[in-house]
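Trainee: Structure incoming, see below.
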Amino acid sequence: MATVAIDPRLDRKTSDFIAQQHRMYIDGKFVNAASGKTFSIYNPATGEVMAQVPEAESADVDQAVRAARRAFDEGPWSRMSASQRGRLIWKLADLLEEHLEEFAAIESMDNGKPLAVARAADVPLAVDLFRYMAGWSTKIMGHSFPISASGEYLSYTLREPIGVVGQIIPWNFPLLMAAWKLGPALAAGCTIVLKLAEQTPLSGLRLAELIHEAGFPDGVVNVLTGFGEGAGAPLAAHELVDKIAFTGSTEVGRLIVHAAAGNLKKVSLELGGKSPAIIFPDADLDKAIPGTASAIFFNHGQCCCAGSRLFAHESIFDQVVEGVSDIASRIRIGSGLDPLTQMGPLVSEEQLQKVTSYIDSGLSEGANATAGGKKAADRGYFVQPTVLTCTTPQMKVVREEIFGPVVCALPFSDSDLERIAQEANNTEYGLAASIWTRDISVANKMAKRIRSGTVWINCHNVFDAALPFGGYKQSGWGREMGGEVLNNYTEVKAVALAL
Ligand code: NDP
40 MATVAIDPRL DRKTSDFIAQ QHRMYIDGKF VNAASGKTFS IYNPATGEVM
90 AQVPEAESAD VDQAVRAARR AFDEGPWSRM SASQRGRLIW KLADLLEEHL
140 EEFAAIESMD NGKPLAVARA ADVPLAVDLF RYMAGWSTKI MGHSFPISAS
190 GEYLSYTLRE PIGVVGQIIP WNFPLLMAAW KLGPALAAGC TIVLKLAEQT
240 PLSGLRLAEL IHEAGFPDGV VNVLTGFGEG AGAPLAAHEL VDKIAFTGST
290 EVGRLIVHAA AGNLKKVSLE LGGKSPAIIF PDADLDKAIP GTASAIFFNH
340 GQCCCAGSRL FAHESIFDQV VEGVSDIASR IRIGSGLDPL TQMGPLVSEE
390 QLQKVTSYID SGLSEGANAT AGGKKAADRG YFVQPTVLTC TTPQMKVVRE
440 EIFGPVVCAL PFSDSDLERI AQEANNTEYG LAASIWTRDI SVANKMAKRI
490 RSGTVWINCH NVFDAALPFG GYKQSGWGRE MGGEVLNNYT EVKAVALAL
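Using the working numbering, the first residue of the sequence shown is number 40, and each one after it goes up by one.
Following this line, the structure appears as structure tokens:
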């Protein structure tokens with residue numbers, strides 16, 4: 040067993056789970072990698088190894104895909120009624136809810152996020168998502184159509200499961216991303232091979248145990264741990280996979296598209312963002328200042344929809360910058376398990392290097408840090424929440440996704456909504472935006488002009504299983520959640536019957 044350094048604040052059950060010999064879940068069994076290889080999982084608050092997990096490679100991916108193929112083509116799953124599928128998904132939600140505290144602690148240890156956040160957001164949102172999708176199982180249907188071809192016909196469509204789905208998820212919301220992917224695919228009747236992120240596989244492995252306990256037939260859900268190149272790439276390229284669903288960087292999204300080309304599998308992508316938060320001069324600043332601070336600092340800025348470009352009208356710019364900087368400098372940084380912590384560490388050494396080098400690049404190009412600007416501790420992957428002013432649209436920090444607690448504040452002088460929208464839309468991304476104003480006409484006109492999949496008005500980061508989420512432009516293909524996501528996991532069959 041691995042050398043583990045488990046936090047003494049964890050309860051026995053959670054420590055035992057983290058320290059146990061982890062196995063992947065293939066065809067209803069918990070197994071080691073075929074090669075026997077494992078890799079280390081680090082506690083981001085200390086940088087110490089806390090677990091070892093199997094390293095899946097092509098052979099394991101192939102085994103999992105074949106199990107999913109069998110379960111789809113021959114297994115009891117395809118003969119189950121929609122209602123039975125829904126009940127299993129609901130049961131999984133109940134089991135997850137029963138283990139809420141345990142999952143929150145695992146997520147906090149693995150990802151670094153504050154325990155209170157995992158408890159209030161990650162786990163309940165995952166439970167809700169499963170329940171919402173359980174309800175969809177019995178409501179996936181086609182339509183009947185009057186057609187005008189000569190003769191008399193009964194014509195209708197069927198909505199059928201797309202087949203075997205490969206799903207690849209990132210580390211920022213490990214459990215919730217697994218739920219976003221698994222819930223709709225199960226509701227639609229697909230079978231699944233899920234690859235967890237290399238940094239944060241523990242909640243997904245525990246979820247596999249609950250999937251087993253809930254009684255899903257063998258091979259319906261298979262859960263792999265491994266690296267992007269070793270396990271993700273062969274999954275994306277596998278000839279027996281009908282569809283690949285990916286969340287992560289735009290760069291890897293492009294690789295997925297290439298890998299999927301071999302058998303022209305369907306692809307959905309939820310990628311990066313550089314989302315604007317726009318504060319108009321009439322906004323209620325008592326809400327807009329904490330709201331836009333939370334837009335960037337929630338989950339340590341490791342959100343694809345983080346409000347990382349803060350536009351504020353010049354008449355209130357100084358007040359906004361001062362307010363957001365004040366909040367940034369008062370955020371308590373520490374281990375996710377410390378009840379006083381408001382911001383934990385970044386997920387990995389690599390992410391810490393990436394974020395601090397972005398900050399350095401901004402400062403060297405002439406930006407000014409009105410809060411933060413540095414690493415926050417000698418041990419663990421902590422960075423100070425940072426507010427940069429004096430930035431220009433050409434700087435890397437303004438153009439590229441940093442994926443850390445770093446916001447670039449930019450003033451605007453205009454009242455011309457077209458020009459403000461042009462500035463906000465001046466990015467290759469189009470995932471989300473927030474607009475802060477008391478004027479409902481301005482709010483709705485701006486919402487129409489912003490090219491992104493989500494627009495929040497006087498709020499940011501509001502998620503619900505019923506609300507579709509996804510990107511315009513290079514932020515992705517397709518939508519997660521809501522009824523929309525079912526399009527990712529179903530094919531439409533048209534039937535015309537000559538009467
Ligand atoms: P990646 O896009 O590299 O990783 C996301 C998932 O894809 C992981 O499971 C990863 O495996 C897998 N993957 C990596 N390479 C391949 C490949 N060639 N084929 C198939 N799957 C692959 O994100 P990172 O974790 O490396 O983070 C890098 C940056 O991506 C962040 O700094 C951030 O800017 C952005 N990001 C965006 C997210 C979003 O929600 N939009 C989420 C996470 C990151 P592995 O676990 O080995 O990396």
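Positions of the beta carbon are idealized from the N, C-alpha and C atoms, including for glycine.
What are the complete beta strand (DSSP E) segments, minimum 3 residues, inside the segment 334-419?
Mentor: 348-352 and 407-410
Trainee: Would you say residue 485 and residue 424 are within 8 Å of each other, going by their C-beta atoms?
Mentor: Start at 1 with the first residue of the sequence shown, and residue 485 comes out as number 446. Start at 1 with the first residue of the sequence shown, and residue 424 comes out as number 385. No, Cβ-Cβ distance for residue 485 and residue 424 is not below 8 Å.
Trainee: From residue 42 to residue 93, what distance separates their C-alpha atoms?
Mentor: As a first step, residue 42 is located in the sequence shown; it is residue number 3 there, counting from the start. As a first step, residue 93 is located in the sequence shown; it is residue number 54 there, counting from the start. Annotation note: pLDDT 45 at residue 42 (below 50); position unreliable, coordinate value reported separately. Each residue's alpha carbon lies about 15 Å from the other.
Trainee: Compare the beta carbon distance of residue 341 and residue 500 with 8 Å and say whether it is the shorter of the two.
Mentor: What you label residue 341 is simply residue 302 of the sequence shown in a count that begins at 1. What you label residue 500 is simply residue 461 of the sequence shown in a count that begins at 1. For residue 341 and residue 500, no; Cβs fall outside 8 Å.
Trainee: Secondary structure at residue 100, three-state DSSP: helix, strand or coil?
Mentor: Stepping through the sequence shown from its first residue, residue 100 is reached at position 61. Three-state DSSP puts residue 100 in a helix.
Trainee: How far does the alpha helix (DSSP H) with residue 159 in it extend, from its first residue to its last?
Mentor: Residue numbering aside, residue 159 sits at position 120 when the sequence shown is read from its first letter. Element bounds for residue 159: n/a, residue is neither H nor E.
Trainee: Does DSSP put residue 255 in a helix, in a strand, or in coil?
Mentor: Taking the first residue of the sequence shown as position 1, residue 255 is located at position 216. Residue state, collapsed to three classes: coil.
Trainee: Count the other C-beta atoms from every protein chain shown that fall within 10 angstroms of the C-beta of residue 369, then say buried if there are 16 or more, exposed otherwise.
Mentor: Translated into positions along the sequence shown, residue 369 becomes position 330. That one is exposed.
Trainee: In this structure, does DSSP put residue 76 in helix, strand or coil?
Mentor: The sequence position of residue 76 within the sequence shown is 37, counting from 1. DSSP places residue 76 in the coil class of the three-state scheme, outside both helix and strand.
Trainee: Using the Cβ count rule (16 or more neighbours within 10 Å means buried), how would you classify residue 301?
Mentor: Along the sequence shown, one-based indexing puts residue 301 at 262. Burial call: exposed.
Trainee: May I have the straight-line CA-CA distance separating residue 347 from residue 441, to the nearest angstrom?
Mentor: If you number the sequence shown from 1, residue 347 lands on position 308. If you number the sequence shown from 1, residue 441 lands on position 402. Approximately 8 Å, taken between the alpha carbons.
Trainee: Can you list, in chain order, the residues of its chain whose CB lies under 6 Å from that of residue 353, leaving out five sequence neighbours each side?
Mentor: As a first step, residue 353 is located in the sequence shown; it is residue number 314 there, counting from the start. 450 and 452, listed in sequence order.
Trainee: Give the DSSP-derived three-state secondary structure of residue 115 in the structure shown.
Mentor: Reading the sequence shown from its first residue, position 76 is the one you call residue 115. The answer is helix: DSSP assigns residue 115 an H, G or I state.
Trainee: Pull up the DSSP beta-bridge partners for residue 292, would you.
Mentor: Taking the first residue of the sequence shown as position 1, residue 292 is located at position 253. Partner(s): none; residue 292 has no beta bridge.
Trainee: What distance in whole Å lies between the Cβ atoms of residue 234 and residue 270, which are believed to be in contact at a cut-off of 8 Å?
Mentor: Locating residue 270 in the sequence shown gives position 231, where the first residue counts as 1. Locating residue 234 in the sequence shown gives position 195, where the first residue counts as 1. That pair is a contact at about 5 Å.
Trainee: Please confirm whether any heavy atom of the ligand NDP lies closer than 7 Å to the CB of residue 335.
Mentor: On the sequence shown, residue 335 is found 296 positions in, with the first residue counted as 1. No - the ligand NDP has no heavy atom lying nearer than 7 Å to the Cβ of residue 335.
Trainee: Is the CB-CB distance between residue 295 and residue 261 below 8 Å?
Mentor: For the purposes of this step, residue 295 is taken as the residue at position 256 of the sequence shown. For the purposes of this step, residue 261 is taken as the residue at position 222 of the sequence shown. Their beta carbons are not under 8 Å apart, which means residue 295 does not touch residue 261 by this criterion.
Trainee: Please report the residue range of the alpha helix (DSSP H) in which residue 273 lies.
Mentor: Your numbering for residue 273 matches position 234 in the sequence shown. 272-276 is the span of the alpha helix (DSSP H), which, as asked, contains residue 273.
Trainee: In or out: residue 527 buried (at least 16 other Cβ within 10 Å) or exposed?
Mentor: In the sequence shown, the residue the question calls residue 527 occupies position 488. Residue 527 is buried by the Cβ-count criterion.
Trainee: Does the beta-carbon distance from residue 150 to residue 47 come in below 8 Å?
Mentor: In the sequence shown, counting from the first residue as 1, residue 150 sits at position 111. In the sequence shown, counting from the first residue as 1, residue 47 sits at position 8. In this structure, residue 47 does not lie closer than 8 Å to residue 150 by Cβ.
Trainee: If you measure from the CB of residue 207, is any heavy atom of the ligand NDP nearer than 7 Å?
Mentor: As a first step, residue 207 is located in the sequence shown; it is residue number 168 there, counting from the start. Yes - the ligand NDP has a heavy atom lying nearer than 7 Å to the Cβ of residue 207.
Trainee: Among the residues of its own chain, which have a CB less than 7 Å from the CB of residue 384, if the five just before and after it don't count?
Mentor: Within the sequence shown, numbered from 1, the residue matching residue 384 stands at position 345. Hits under 7 Å: 83, 84, 151, 419, 420 and 421.
Trainee: Whole angstroms are fine: how far does the CA of residue 191 sit from the CA of residue 25?
Mentor: Residue 25 is absent from the structure shown; the chain starts at 40 and stops at 538.
Trainee: When the Cα atoms are used, what is the spatial distance from residue 168 to residue 298?
Mentor: Taking the first residue of the sequence shown as position 1, residue 168 is located at position 129. Taking the first residue of the sequence shown as position 1, residue 298 is located at position 259. Distance between the alpha carbons of residue 168 and residue 298: 29 Å.
Trainee: Once DSSP output is grouped into helix, strand and coil, what is the label at residue 146?
Mentor: One-based indexing of the sequence shown puts residue 146 at position 107. Looking at residue 146 - three-state DSSP - the assignment turns out to be helix.
Trainee: Pop quiz: residue 362 and residue 402 are said to be a contact at Cβ under 8 Å. What is the actual Cβ separation, rounded to whole angstroms?
Mentor: For the purposes of this step, residue 362 is identified with residue 323 of the sequence shown, where counting begins at 1. For the purposes of this step, residue 402 is identified with residue 363 of the sequence shown, where counting begins at 1. Wrong, their Cβ atoms sit about 22 Å apart, outside the cutoff.
Trainee: Short of 7 Å in beta carbon distance, which residues of its chain neighbour residue 513, apart from the five on each side in sequence? Order them along the chain.
Mentor: Counting from 1 along the sequence shown, the entry for residue 513 is found at position 474. Excluding positions up to five away in sequence, the list reads 289, 310, 467 and 468.
Trainee: Is any non-hydrogen atom of the ligand NDP found closer than 7 Å to the C-beta of residue 421, if you look at the structure I gave you?
Mentor: On the sequence shown, residue 421 is found 382 positions in, with the first residue counted as 1. No, since every heavy atom of the ligand NDP falls outside the 7 Å radius drawn around the Cβ of residue 421.
Trainee: If you follow the beta strand (DSSP E) that residue 192 is part of, which residue opens it and which one closes it?
Mentor: One-based indexing of the sequence shown puts residue 192 at position 153. Counting along the chain, the beta strand (DSSP E) containing residue 192 begins and ends at 192-200.
Trainee: Find the nearest neighbour of residue 267 within the set 45, 446, 100 and 464, judged by alpha-carbon distance.
Mentor: As a working note, residue 267 is residue 228 in the sequence shown. Closest option to residue 267, Cα to Cα, is 100.
Trainee: Going by C-alpha to C-alpha distance, which of 76, 367 and 115 sits closest to residue 229?
Mentor: Working through the sequence shown from its first residue, we reach residue 229 at position 190. Closest option to residue 229, Cα to Cα, is 115.
Trainee: Terminal residues of the continuous alpha helix (DSSP H) containing residue 123?
Mentor: As a position in the sequence shown, residue 123 is number 84, starting the count at 1. First-last of the alpha helix (DSSP H) with residue 123: 121-137.
Trainee: Check whether the Cβ atoms of residue 215 and residue 161 sit closer than 8 Å, and answer yes or no.
Mentor: Here residue 215 refers to the residue found at position 176 of the sequence shown. Here residue 161 refers to the residue found at position 122 of the sequence shown. The Cβ atoms of residue 215 and residue 161 sit closer than 8 Å to each other.
Trainee: Comparing the CB of residue 390 with every heavy atom of the ligand NDP, is any distance shorter than 7 Å?
Mentor: Walking along the sequence shown from the start, residue 390 turns up at place 351. Yes - the ligand NDP has a heavy atom lying nearer than 7 Å to the Cβ of residue 390.
Trainee: Of all the options 148, 127 and 473, which has the alpha carbon lying nearest to the alpha carbon of residue 350?
Mentor: Working through the sequence shown from its first residue, we reach residue 350 at position 311. The shortest C-alpha to C-alpha distance from residue 350 to any of 148, 127 and 473 is the one to 473.
Trainee: So within the segment 479-509, which uninterrupted beta strand (DSSP E) runs reach at least 3 residues, ignoring any that extend past its ends?
Mentor: Listed in chain order, the beta strand (DSSP E) elements of length 3 or more contained wholly in the segment 479-509 are 493-496.
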